[in-house]
Amino acid sequence: SSGPLKSSFRSYNLDTGNDDYASMRSFIEKRFNGTKPSSLLPPNLLLIDGGRGQLSSVYQALQQTAVDKLHLLSICKAPGRKSGEETYYMLSLDQGVTKVELDADVKRMLENLRDHAHRFAITKQRKKFLKSSLHSNLHDIPGLGPQRVTSLIHHFGGLDSLSKASIDQIATVPGISMAMAEKIYALVHKP
Numbered sequence: 402s403s404g405p406l407k408s409s410f411r412s413y414n415l416d417t418g419n420d421d422y423a424s425m426r427s428f429i430e431k432r433f434n435g436t437k438p439s440s441l442l443p444p445n446l447l448l449i450d451g452g453r454g455q456l457s458s459v460y461q462a463l464q465q466t467a468v469d470k471l472h473l474l475s476i477c478k479a480p481g482r483k484s485g486e487e488t489y490y491m492l493s494l495d496q497g498v499t500k501v502e503l504d505a506d507v508k509r510m511l512e513n514l515r516d517h518a519h520r521f522a523i524t525k526q527r528k529k530f531l532k533s534s535l536h537s538n539l540h541d542i543p544g545l546g547p548q549r550v551t552s553l554i555h556h557f558g559g560l561d562s563l564s565k566a567s568i569d570q571i572a573t574v575p576g577i578s579m580a581m582a583e584k585i586y587a588l589v590h591k592p
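Here the sequence shown is numbered in our numbering, starting from 402 and rising by one per residue.
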């Protein structure tokens, strides 16, 4: 088949702030040394978004794992972040980190992979933010206290299902009047 295998996509919650190096080390730890074994096949290649520093950081983190025969390639944006002018670095045990030249078609494929991963990560972050925001905004509705919010979310099995519910369905939750259901519906469907 061609194209991305979406069933193999994973996202990781990392508590590293905006520290690229710490995030990459944390990813390696979770992906290859996690407490629950990964259902994914081990990769042959890791494509790293960054330059020499990120590549070295990932390599150092991999030294703490049982992973072997893994190739590392990094894609580094050009100054000014101009697309199409990326620099590529590869890490090999005998030569260390070296700049590599790649065929235009290979570059295009790798840039598409990176861009697709960015879109996936941004979409996941946006959904996580919206869920968190919706949950806290529910508490702002007068008369909808913490117990009713919990009851509401439990009734629908989560915020996703609540966001798909009609006003009448929301009103079936014990303790939620039709007027309250209308407020909840308006909040959930706010543009």
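Where is the CB? At the ideal position from N, CA and C, for every residue including glycine.
Tell me which same chain residues have a C-beta within less than 7 Å of the C-beta of residue i, skipping the five on either side of it?
i           : result
residue 576 : 549 and 552
residue 511 : 448 and 476
residue 423 : 417
Taking the alpha carbon of residue i as the reference point, which residue from the options has its own alpha carbon closest?
i           : options               : result
residue 572 : 583, 562 and 565      : 583
residue 478 : 566, 508 and 588      : 508
residue 420 : 443, 454, 547 and 409 : 454
residue 462 : 503, 433 and 563      : 433
residue 504 : 515, 440, 485 and 546 : 485
residue 570 : 559, 586 and 561      : 586
residue 467 : 408, 457, 443 and 489 : 443
residue 430 : 541, 406, 459 and 557 : 459
Since residue i is in the alpha helix (DSSP H), which residue starts that stretch and which ends it?
i           : result
residue 459 : 453-463
residue 563 : 560-565
residue 550 : 547-557
residue 586 : 579-589
Which residues in the same chain have their Cβ closer than 8 Å to the Cβ of residue i, if we skip the five residues on either side of it in sequence?
i           : result
residue 446 : 471, 472, 473 and 474
Could you give the residue range of the beta strand (DSSP E) that holds residue i?
i           : result
residue 450 : 446-450
residue 476 : 472-477
Please go through the same chain and pick out, in chain order, the residues whose beta-carbon is closer than 6 Å to the beta-carbon of residue i, but skip the five residues on each side of it.
i           : result
residue 593 : Lying before the first or after the last residue shown, residue 593 is absent from the chain, which here runs from 402 to 592.
residue 440 : none
- How about the stretch 514-522 and the stretch 491-500: do they share at least three Cβ pairs that are nearer than 8 Å? The stretch 514-522, when compared against the stretch 491-500, does not touch it at the 8 Å Cβ threshold.
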